[in-house]
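**Q** There's a structure below that I have some questions on.
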DNA sequence: CGTGTGTCGCTTATGCTGTAAGCTTTCAAG
DNA sequence: CTTGAAAGCTTACAGCATAAGCGACACACG
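Chains as they are written, first to last, in the numbering used here: chain A, 42 to 249; chain B, 42 to 249.
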């Protein structure tokens with residue numbers, strides 16, 4: 042039952058190597074050849090475990106989703122949902138190069154469905170009707186994934202980085218952005234993410 | 042000054058053709074050769090107007106953003122912002138194949154910055170302080186782009202389409218999703234999008 | 001202890017891709 | 001009419017996903 046030298050590859054190992062590779066080199070750099078090399082194997086050998094590159098990408102999304110930590114059920118519904126979305130955002134920060142795959146190729150697996158079921162259960166348990174629970178799920182998920190993507194890509198007007206910096210813009214043409222320049226240096230993305238969560242959850246509580 | 046037959050290509054024409062092509066054939070199908078063919082020209086000719094494919098993609102995002110319709114200033118701030126995000130979502134529905142580019146390669150152009158400036162001006166004018174205006178911008182934009190992406194890709198559990206259907210899932214394992222199956226057929230995405238906008242804007246008004 | 005048998009990795013080959021380099025055609029200005 | 005630049009064309013290259021077929025090893029069974 043020991044992994045013989047021959048049987049060195051399997052789907053799991055391939056997907057995890059792909060995630061590691063993309064974490065390191067970026068999504069564009071991923072090719073079957075290079076991933077094979079990473080595993081000490083020729084490109085075509087990967088096809089024994091994965092039907093094509095698209096399925097490889099989907100598998101990477103699975104791996105990512107597997108890292109999502111669902112909070113225990115005994116917490117209050119609101120804190121549980123908060124914590125779940127924090128964990129979701131953590132995925133983006135830990136795998137900024139892989140995360141976009143999750144947005145572009147949403148999972149179609151039982152794992153993904155199970156997550157949704159869990160979410161709905163929590164909200165139904167809190168007293169929301171089925172339809173509101175669905176709306177809440179989509180609003181919160183939309184917000185979280187949109188925010189996380191923006192954070193990964195770097196917000197426009199961030200003081201440092203390659204994107205346009207607020208302070209370099211003409212104060213006459215862009216007074217409001219320029220004014221923000223002062224604040225931008227000390228913006229706390231954790232607090233900012235939480236702000237949006239607050240708005241949505243407060244609104245939801247109002248519909249209970 | 043008349044466009045001679047020779048001078049048939051220019052950046053604008055190329056970008057618009059690219060958007061049209063991707064609308065029709067999908068993002069993956071876009072190649073310099075095929076785009077050239079679309080314009081009756083060899084692939085390499087495109088490089089006289091666009092430095093590389095990345096810049097082409099960025100230019101397509103520009104074109105998309107150019108289609109965004111900003112509501113006039115004389116409306117109330119809330120309705121103006123609502124209308125702006127509705128227009129944003131419309132982009133996604135009109136160009137579902139191109140829109141993901143906007144999320145993955147956010148624009149770094151003056152056009153984009155000008156949009157932000159406009160947004161901030163509206164919110165500052167409504168009485169929000171600079172920092173809250175920034176938070177609001179990011180929360181709303183995150184929500185809108187995340188929701189639009191989800192809508193484009195097709196929500197999980199949508200009754201029709203290739204994604205997993207709620208009603209095909211075992212009612213025992215996934216009671217909450219199954220229960221939704223009844224509602225899913227008549228979900229109105231317009232109303233759903235508006236629901237999230239309501240939550241966020243109501244919360245924001247509370248901080249005025 | 002043979003001897004299949006099927007799994008899995010390797011080799012080779014095809015038709016794409018983006019794009020560098022250099023050539024040629026065309027138009028406009030002097 | 002000459003000259004120069006702009007812009008299209010041709011060719012070429014390295015890298016891509018992946019189809020097809022080959023060969024070697026690991027295990028199951030006699």
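Here a beta-carbon is modelled for each residue, glycine too, at the ideal position from N, C-alpha and C. Note that the structure is predicted; figures quoted are calculated from it, not measured.
Could you tell me which of A:173, A:159 and A:96 sits nearest to residue 225 of chain B, measuring between CA atoms?
**A** A:173
**Q** Check whether chain A comes within 8 angstroms of residue 179 of chain B, counting only Cβ atoms and requiring the distance to be less than that.
**A** Taking Cβ atoms only, chain A reaches closer than 8 angstroms to residue 179 of chain B, which makes this a yes.
**Q** At the level of alpha carbons, what is the spacing between residue 222 of chain B and residue 164 of chain A?
**A** 16 angstroms
**Q** Using the Cα positions of residue 194 of chain A and residue 212 of chain A, report the straight-line distance between them to the nearest angstrom.
**A** 25 angstroms
**Q** For residue 148 of chain B, does the count of other Cβ atoms within 10 angstroms reach 16, so buried, or fall short, so exposed?
**A** By the neighbour-count rule (16 or more Cβ atoms within 10 Å), residue 148 of chain B is buried.
**Q** Starting from residue 101 of chain A, trace the alpha helix (DSSP H) both ways and give me its first and last residue.
**A** 94-107
**Q** Curious, which full-length alpha helix (DSSP H) runs of at least 4 residues does the region 102-163 of chain A contain?
**A** 118-135 and 140-145
**Q** Whose C-alpha, out of B:238, B:55 and B:181, is nearest the C-alpha of residue 88 of chain B?
**A** B:55
**Q** May I have the straight-line CA-CA distance separating residue 168 of chain A from residue 248 of chain A, to the nearest angstrom?
**A** 10 angstroms
**Q** Given a threshold of 16 other Cβ atoms within 10 Å of its Cβ, counted over all protein chains shown, does residue 109 of chain B qualify as buried or as exposed?
**A** Classification of residue 109 of chain B: exposed, given that the 10 Å Cβ count is below 16.
**Q** Report the rounded CA-to-CA distance for residue 201 of chain A versus residue 227 of chain A, giving the unit in angstroms.
**A** At residue 201 of chain A, the pLDDT of 48 sits below 50, so the modelled position is not reliable and the matter cannot be decided from this model.
**Q** Using a Cβ cut-off of 8 angstroms (strictly closer), state whether residue 224 of chain B contacts chain A.
**A** yes
**Q** Compare the C-beta of residue 85 of chain B against all C-beta atoms of chain A and say whether one is closer than 8 angstroms.
**A** no
**Q** Name the residue from B:218, B:196, B:209 and B:240 whose alpha carbon lies nearest to the alpha carbon of residue 229 of chain B.
**A** B:196
**Q** CA-CA distance, residue 77 of chain A and residue 86 of chain A?
**A** 8 angstroms
**Q** Looking only at its chain, what residues have a beta carbon closer than 6 angstroms to the beta carbon of residue 80 of chain A, apart from the 5 residues adjacent to it on each side?
**A** 58
**Q** Just tell me which of B:62, B:50, B:234 and B:217 has its CA closest to the CA of residue 90 of chain B.
**A** B:50
**Q** May I have the straight-line CA-CA distance separating residue 237 of chain B from residue 162 of chain A, to the nearest angstrom?
**A** When only Cα atoms are considered, residue 237 of chain B and residue 162 of chain A end up about 20 angstroms apart.
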